[in-house]
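Under our numbering, think of the first position of the sequence shown as 358, with each following residue one higher.
No residue lacks a Cβ here, since even glycine has one placed at the ideal position from N, Cα and C.
Source: prediction; values computed, not measured.
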Amino acid sequence: MTISLKVDRKQPSPDTISQAAEIIKSGGLVAFPTETVYGLGADALNPEAVAKIFKAKGRPSDNPLILHVMTLKQARNLVKVNSMAEKLAEKFWPGPLTLVLPAKDTVPSITRGGLETAAVRMPADRVALSLIEHSGTAIAAPSANISGRPSPTDADTVFSEMNGRIDMILDGGSVIVGIESTVIDITNPSRPLLLRPGGMPREEIESVIGVSLERPDSESKKRSPGTRYRHYAPNVAVKIWHKGETLPENSAYIGIDLPENLDREHSVLFDSEEDYARGLFSAMRKLESENVECINLQWPDDDKGICLGLRDRILRSSGEYV
Ligand code: TXA
Ligand code: MG
């Protein structure tokens, strides 16, 4: 059985966090909220503990994990921090930005999926930061879902998928961003790569570093194994809906604008792109259980702000790029 403990996101009880930290220290698994999605955490520097993450998620072992830190100083112990990383951390940490940098020997090979680089991020969430602090180590944490499924944005969803597979869930309610962090590879600062669009807008990162982020070519894709697998997929087919189109028969809908033949009973509607991103994964999980033939996702017109990350999740959940 997995223990689930409620925790106040603004003022986490030190008692609750200590209990969770004891589990991390002794090599166990704790799911916890971040501002993006729920993470499935273990001591990043303990190879046996990290192995349990891969097992609990059914995750391919060549897909590396993000190391969550509470200070830039802690990151320096794990990766070689260059001046571009310093600038970005100064501006955007804590926040939904993950930096891929050359790994130091302190990071076990299993945590970085056998790569020479490692990914680090400082989450903007008091529960997450306090858990890292009390554990006295960096916490490796992928999203707390079974591999390939939509990421969990609340604790009940983590429980339904992970009960019996992990030791504890810290239940801090619903997340804020709803899609995962933006992952950039700045190993080579003269050619920074956008590996995964996400919670931190591309244009904001570019305005700080002063150069464009390139999308990885097929060669560098091999270096970010996560981009090779199908992701975020509910149990029914997903189709992309463009404004003005008619919905197929017996299908569900998620989006902002109203299709002419909308079936309101099987729809989840949002007021803004930010709300859409926040609610996309839980909406897919809700509608997949409603006996429909497919789920239609509205394609965002824009690619600024959260929209680029949203587009990426829509494409991936529809199987458009695998
Ligand atoms: O918002 C997030 O980033 C959440 C929360 C829990 O922090 N975490 C998350 O982790 O989304 P995960 O494991 O689901 O996605 C991590 C992504 C994967 O696409 C992985 O391939 C990539 O980061 N990644 C990790 N280390 C890497 C490395 N050394 N080189 C290239 N890509 C890396
Ligand atoms: Mg994930």
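The beta carbons of GLU537 and VAL394 sit closer together than 8 Å. Going by C-alpha positions, ILE613 is about 7 Å away from SER629. A buried status is given to ILE489, since no fewer than 16 other beta-carbon atoms sit within 10 Å of its beta-carbon. With a cutoff of 7 Å, GLU392 does not count as near the ligand MG, since its C-beta is closer than that to no heavy atom of the ligand. Distance check between GLU631 and each of PRO369, MET557, SER466, GLY398 places MET557 closest, using alpha-carbon atoms only.
Counting only residues of its own chain and dropping the five nearest sequence neighbours on each side, SER370 has a CB closer than 8 Å to the CB of VAL364.
Bounds of any beta strand (DSSP E) do not take in GLN368, whose DSSP letter is neither H nor E. Spatial neighbours of ILE652 in its own chain (CB-CB distance under 8 Å, excluding positions within 5 residues in sequence) are listed in chain order as PRO591, VAL593, ALA594, VAL595, LYS596, SER608, ALA609, TYR610, ILE611, MET641, LEU644, GLU645. Counting the other CB atoms within 10 Å of its CB gives SER418 a total below 16, which places it among the exposed residues. Per DSSP, the continuous beta strand (DSSP E) segment holding ILE597 begins and ends at 594-598. Taking a C-beta distance under 8 Å as the contact criterion, ILE503 and GLU518 qualify as a contact pair. If you draw a straight line from the Cα of LYS367 to the Cα of ARG483, it comes to about 6 Å.
Secondary structure note for HIS425: its beta strand (DSSP E) is the uninterrupted segment 423-425. For PRO459, there is no enclosing alpha helix (DSSP H); the enclosing beta strand (DSSP E) has its first and last residue at 454-459. A Cβ-Cβ contact shorter than 8 Å links ILE423 with THR455. Of the candidates GLU447, THR494, PRO546, the residue whose Cα lies closest to the Cα of VAL407 is THR494.
Of the candidates THR603, PRO657, LYS448, THR603 places its Cα closest to the Cα of LEU619. In this structure, THR455 has its beta carbon less than 7 Å from a heavy atom of the ligand TXA. Separation of the CB atoms of GLU571 and LEU551 is rounded to 7 Å, and the pair is thereby assigned contact status at 8 Å.
Around the beta carbon of MET441, 16 or more other beta carbons lie within 10 angstroms, which makes this residue buried. Shortest Cα-Cα distance from VAL477 to any of VAL515, VAL540, ILE467, VAL532 involves VAL540.
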